[in-house]
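Asker:
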Amino acid sequence: MSHSGKLPISVTIIACNEEKRIGECLNSVQWADDIVVVDSGSSDKTVAIAEAHGARVIHHTWPGYGAQKQFATSQARYDWILNLDADEHVTDQLATSIRNTFQNLPESIIAFECNFEHFLMGRWLRHGEAYPDPHIRLFNRQAGDWNSRQIHEHIEISGSTGKLEGSIRHKTVESLAEYIEKINRYTELQAEIIVESGKQVTFSQLFFRSLWRFLRGYIFRLGFLDGIAGLTHSMTSTLTSYLKYAKAYELQKKDQE
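The sequence shown begins at 259 in my numbering and counts up by one.
(1) Where does Phe-478 land, buried or exposed, given buried means 16+ other C-beta within 10 angstroms?
(2) Since I believe Leu-352 is in contact with Glu-423 (beta carbons under 8 Å), could you give me their beta-carbon distance rounded to a whole number of angstroms?
(3) Would Arg-381 be called buried (16 or more neighbouring beta carbons within 10 Å of its own) or exposed?
(4) Tell me whether Trp-320 is buried or exposed, calling it buried when 16 or more other Cβ atoms sit within 10 Å of its Cβ.
(5) Only counting runs of 4 or more residues, tell me where the alpha helix (DSSP H) segments fall wholly within the region 376 to 463, in order along the chain.
(6) How many angstroms separate the CA atom of Phe-360 from the CA atom of Gln-400?
(7) Compare the Cα-Cα distances from His-393 to each of Pro-364, Ser-433, Phe-465, Arg-427 and report the closest residue.
(8) Quick check on Thr-319: does DSSP put it in helix, strand or coil?
(9) Can you have a look at Thr-460 and say buried or exposed, based on whether 16 or more other CB atoms are within 10 angstroms of its CB?
(10) Measuring alpha carbon to alpha carbon, tell me which residue in Ala-506, Ser-462, Glu-276 is nearest Glu-454.
(11) What does Ser-286 pair with, by DSSP beta-bridge criteria?
(12) Per DSSP, which residues does Ala-353 bridge with? Please list them.
(13) To which residues of the same chain is Ile-367 closer than 6 Å at the C-beta, ignoring the five residues directly before and after it?
(14) Nearest to Pro-266 by CA position, among Met-493, Gly-488, Leu-363, Val-295, is which residue?
(15) Contact defined as beta carbons within less than 8 Å: I believe Leu-501 pairs with Thr-445. What is the distance between those atoms, to the nearest angstrom?
(16) Kindly indicate which three-state DSSP category Leu-480 falls into: helix, strand or coil?
(17) Short of 7 Å in beta carbon distance, which residues of its chain neighbour Val-328, apart from the five on each side in sequence? Order them along the chain.
(18) Can you tell me whether Ser-416 is buried or exposed, with buried defined as 16 or more other CB within 10 angstroms of its CB?
(19) With a CB to CB cut of under 6 Å and the five nearest residues on each side skipped, what residues in its chain are close to Gly-322?
(20) Please say whether Ile-356 and Gln-333 have beta carbons closer to each other than 7 Å?
(21) Taking the C-alpha atoms as reference points, what is the distance between Ser-433 and Glu-439?
(22) Taking the C-alpha atoms as reference points, what is the distance between Glu-375 and Asp-484?
(23) Given this structure, state the Cα-to-Cα distance separating Ser-536 from Gln-514, to the nearest angstrom.
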């Protein structure tokens, strides 16, 4: 425990123009002794809100998702890092689980996994690909860090991991229209990665991977139990799968011309 009675954990958050969401994120981690917000050029009240919540704000030009999170890790005061995006927050159950774990932290464990909950069309999804959707977000930086991928970055570690109770709640968009815009941006990056890898896109990838994505999420993982929101999530996930390959195919055809 730190001198302040807070946990010796650094919470790292990357942000840019997140004034609508970052407050809830910061409120959920006030039990941590160190909160670092790496801002890449906000023009709204993001920085002011972060400072008002006691965060250390560091300005750093945007290098990509993975690289920005690596930079945030390097600015932390403690080796144990909890990473959150500005549109995520920790539930009370997860906060309690982290506190209990750090009262008797096993030396062999170097990272912890927790479940995610995603919000869409007025409800927290509890089925399909959206839940439990486990990820490692609490880790010891002496054993690993984020990779440098432009998108779908993840923590790469070497050692034993544990499991935390509770979840991180992810409320990424305010509307379906905003969700579609995000899908469009992300699939452009994904398409570029596919093309750079040298893999040729085929009809089977366009059709069968998209079909399987829908069947897996909506039928086999019971996405239909989340009603219209569950159907929408499965359909947009299918669209995401299709668009990244379709855009990659388009780029490849242009390169061949």
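Using N, Cα and C, we set each Cβ at its ideal position, and we do this for glycine too. Here the structure is a predicted model, which is why all the values come from computation and not from measurement.
Answerer: Straight from the coordinates:
(1) exposed
(2) 7 Å
(3) exposed
(4) exposed
(5) 434 to 455
(6) 17 Å
(7) Arg-427
(8) coil
(9) exposed
(10) Ala-506
(11) According to DSSP, Ser-286 bridges with nothing at all.
(12) DSSP output for Ala-353 lists no bridge partner at all.
(13) Ser-418, Gly-420
(14) Leu-363
(15) 4 Å
(16) coil
(17) Note on identity: in this sequence residue 328 is Gln, with Val being the wrong assignment. Answer for Gln-328: Asp-403, Trp-404, Ser-406, listed in chain order.
(18) exposed
(19) Gln-408
(20) no
(21) 10 Å
(22) 13 Å
(23) With the chain running from 259 to 515 in the structure shown, residue 536 is simply not present.
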